[in-house]
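Report on one structure; see the data block that follows.
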Amino acid sequence: GKQTSRARVVIKVTAVDAVEEALSSGSITKVTDAELLDAALATITDNQHLLLDAKAKLFNLNTDGTAKSDGSSLTGIDWNPSHDASLLVSTYGMNTPVLTTNSANGGYFAYEKEIGIIGEQGSRYMVLGGNPMRNYRWDSTLLNEQMHRFMENSLSWLTGHDNLKSAPLQVVIAHMDDSYYFKDETAVRAWLDQRYPGQISYNAADTCDDVALSVCLDAEPNLLLISQHMNAMTDPAIVASAVKTAMEQGIPVLYMHLDGGMTALGNALFPLFGVTYYWDNYWKKLKLSGFDVRSSLSGIPADVRSIQTMLNHFKARDYAIDWSACVNEDCSAVTGLVYEFQQGADVVRAMMDVLDASKTNLFAKDGFRLQKLLALLGDSYRQD
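In structure tokens, the structure reads:
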């Protein structure tokens with residue numbers, strides 16, 4: 427009996443060691459696909475509670491995730507980011523979504539997609555797929571008071587200052603557009619002045635862009651607000667380097683996306699945040715209506731759930747797909763294909779496409795545990 431017990435322990439440790447060696451080396455030579463599957467599924471489960479305390483702060487919840495009895499918790503957020511926004515994908519285990527679409531304009535299908543992500547990597551950061559301050563300037567009905575308060579709580583969490591309305595704050599605002607449809611320079615400053623009259627100071631428009639950004643950040647501001655807007659002479663690598671250095675020095679960042687696509691600057695900044703671009707909202711018209719984070723507070727993001735569903739099927743080896751339902755190359759009528767496989771596969775592909783586009787040497791970086799496991803699993807399956 428004792429010998430059997432010892433044997434089981436050895437097998438368990440060996441499996442763990444094999445996975446860790448594969449993660450370190452990027453090689454599948456000493457690990458099985460079953461071990462990689464188990465490790466990937468465990469990673470998904472283990473990271474459900476990431477930054478839970480931060481979410482409680484952002485939504486003014488009790489520490490156990492329940493709403494406060496005085497009615498001050500943010501459990502009904504409305505934000506229509508308009509068609510000029512993008513949907514995002516967090517890097518599971520490194521950051522976490524805090525705002526997720528749950529409705530759509532014009533009768534469009536209400537996909538559940540991430541549009542607000544937070545993380546801590548050297549400093550705290552938040553990435554929004556749109557600019558609520560611009561939306562408010564264009565049409566005040568595009569967000570409710572709870573969304574305004576969420577933004578206030580966001581600035582408080584990012585900076586670590588509990589009451590910004592009584593403590594002066596220095597903010598650097600960089601790479602904001604100010605064209606007709608995207609009056610971000612104007613809108614951001616107007617919102618700060620309205621919500622924090624006389625308390626927040628900031629630079630003049632365009633004075634902290636491009637090579638000037640690093641100089642502005644040398645003054646160690648309390649917060650950097652930035653988007654992906656590019657000037658005629660913008661070098662994305664220079665800007666991204668300045669932001670990376672600032673984050674390493676502990677300067678928090680609030681990134682608010684410009685328009686629905688990606689610029690070269692956005693492509694340079696997103697890897698710093700561990701965020702993936704997913705969809706242009708022009709085609710989906712998604713929004714938040716009465717959004718209540720409590721139902722997903724410690725849950726798994728929808729996109730990661732789709733990966734989990736796919737992996738569970740791989741583990742069970744129970745895919746039974748009837749390809750006869752395909753019409754030429756259209757297999758949308760195949761039962762279970764979209765929800766049981768395709769959605770998860772598309773999320774993985776989007777993750778890997780971004781890593782490829784940014785020339786990320788995945789196995790040379792810390793973190794990215796789930797992404798590494800998925801890449802290794804793909805390698806393992808390709809052997810057959």
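Per our numbering, residue 427 is the first one in the sequence shown, and the count goes up by one each step. Note that beta-carbon positions come from the ideal geometry of N, C-alpha and C, so glycine has one too.
Nearest-angstrom Cβ-Cβ length linking residue i and residue j, presumed shorter than 8 Å
{"i": "L500", "j": "R575", "result": "6 Å"}
{"i": "Y606", "j": "I652", "result": "Actually they do not touch by this definition, with Cβ atoms about 21 Å apart."}
{"i": "I541", "j": "T526", "result": "7 Å"}
{"i": "V524", "j": "L484", "result": "6 Å"}
{"i": "L590", "j": "L581", "result": "6 Å"}
{"i": "G687", "j": "H509", "result": "About 12 Å; that fails the 8 Å criterion."}
{"i": "L649", "j": "V669", "result": "Between V669 and L649 the Cβ distance is about 12 Å, and since that is not below 8 Å, they are no contact."}
{"i": "T660", "j": "L691", "result": "6 Å"}
{"i": "L723", "j": "G491", "result": "5 Å"}
{"i": "N486", "j": "N579", "result": "6 Å"}
{"i": "Y628", "j": "I664", "result": "Y628 to I664, Cβ: 21 Å. No contact."}
Alpha-carbon spacing of residue i relative to residue j, whole angstroms
{"i": "A759", "j": "A746", "result": "14 Å"}
{"i": "D805", "j": "Q768", "result": "19 Å"}
{"i": "T689", "j": "Q809", "result": "37 Å"}
{"i": "L462", "j": "L514", "result": "26 Å"}
{"i": "Q596", "j": "D472", "result": "37 Å"}
{"i": "S762", "j": "D772", "result": "First, the amino acid is wrong: residue 762 is Gly here, not Ser. Answer to the nearest angstrom: the Cα atoms are 15 Å apart."}
{"i": "A482", "j": "N488", "result": "6 Å"}
{"i": "D706", "j": "R563", "result": "21 Å"}
{"i": "F535", "j": "A593", "result": "44 Å"}
{"i": "L865", "j": "G700", "result": "The question about residue 865 has no answer, for the chain in this structure spans 427 to 810."}
{"i": "A630", "j": "T612", "result": "11 Å"}
{"i": "S750", "j": "A468", "result": "35 Å"}
{"i": "I470", "j": "E766", "result": "17 Å"}
{"i": "I437", "j": "Y518", "result": "Any answer about I437 is weak, because its pLDDT of 46 lies below 50 and its placement is not dependable; what the coordinates show is given next. Cα to Cα, I437 sits roughly 28 Å from Y518."}
{"i": "N693", "j": "V637", "result": "18 Å"}
{"i": "C752", "j": "A801", "result": "29 Å"}
{"i": "A530", "j": "W709", "result": "11 Å"}
{"i": "T786", "j": "G624", "result": "43 Å"}
{"i": "R432", "j": "G793", "result": "Since pLDDT at R432 reaches only 47, below the 50 mark, its modelled position is unreliable, and the value read off the structure follows with that caveat. C-alpha separation (whole angstroms): 32 Å."}
{"i": "L803", "j": "K456", "result": "13 Å"}
{"i": "R775", "j": "D619", "result": "42 Å"}
{"i": "H587", "j": "P678", "result": "12 Å"}
{"i": "A466", "j": "L799", "result": "6 Å"}
{"i": "Y704", "j": "K539", "result": "9 Å"}
{"i": "N754", "j": "M778", "result": "28 Å"}
{"i": "Q734", "j": "G556", "result": "28 Å"}
{"i": "M656", "j": "H601", "result": "6 Å"}
{"i": "S566", "j": "A480", "result": "27 Å"}
{"i": "K791", "j": "P697", "result": "12 Å"}
{"i": "D604", "j": "D610", "result": "5 Å"}
{"i": "Y622", "j": "V553", "result": "21 Å"}
The ligand ADP heavy atom lying under 7 Å from the CB of residue i
{"i": "E546", "result": "With respect to the ligand ADP, the structure offers nothing, as it holds no ligand at all."}
Residues that DSSP places opposite residue i in a beta bridge
{"i": "M682", "result": "L554"}
{"i": "I470", "result": "According to DSSP, which records beta bridges pairwise, I470 is partnered with nothing at all."}
{"i": "T702", "result": "V515"}
{"i": "S580", "result": "According to DSSP, which records beta bridges pairwise, S580 is partnered with nothing at all."}
{"i": "Q596", "result": "S627"}
{"i": "Q547", "result": "S549"}
{"i": "S529", "result": "K713"}
{"i": "L487", "result": "A493"}
{"i": "V753", "result": "D756"}
{"i": "G542", "result": "L525, L554"}
{"i": "D604", "result": "K609"}
{"i": "L569", "result": "W505"}
Run of the beta strand (DSSP E) containing residue i, from where it starts to where it stops
{"i": "P523", "result": "521-526"}
{"i": "K713", "result": "712-717"}
{"i": "D504", "result": "503-505"}
{"i": "I652", "result": "649-652"}
Continuous alpha helix (DSSP H) stretch holding residue i: start and end
{"i": "Y708", "result": "Taken as a continuous stretch (DSSP letters only), Y708 belongs to no alpha helix (DSSP H), as it is neither H nor E."}
{"i": "Y807", "result": "795-808"}
{"i": "E674", "result": "662-674"}
{"i": "D636", "result": "Segment: none, D636 is in no alpha helix (DSSP H) and carries neither H nor E."}
{"i": "H739", "result": "728-742"}
{"i": "A811", "result": "Shown here, the chain extends from 427 to 810; a query on residue 811 therefore has no answer."}
{"i": "R775", "result": "769-783"}
Contact between the stretch 544-558 and the stretch 732-746 (3+ Cβ pairs under 8 Å): No, they do not touch.
Validate contact between the stretch 711-728 and the stretch 451-468 using beta carbons, cut 8 Å, 3 pairs: The answer is no - the stretch 451-468 does not touch the stretch 711-728, with fewer than three Cβ pairs under 8 Å.
contact_flag[the stretch 667-683, the stretch 713-720] where n(CB pairs < 8 Å) is 3 or more: Here the stretch 667-683 does not lie against the stretch 713-720, with fewer than 3 beta-carbon pairs under 8 Å apart.
The stretch 492-512 / the stretch 450-458 touching (three or more Cβ pairs under 8 Å): By the C-beta criterion, the stretch 492-512 is judged not to be in contact with the stretch 450-458, since fewer than 3 inter-stretch pairs fall below 8 Å.
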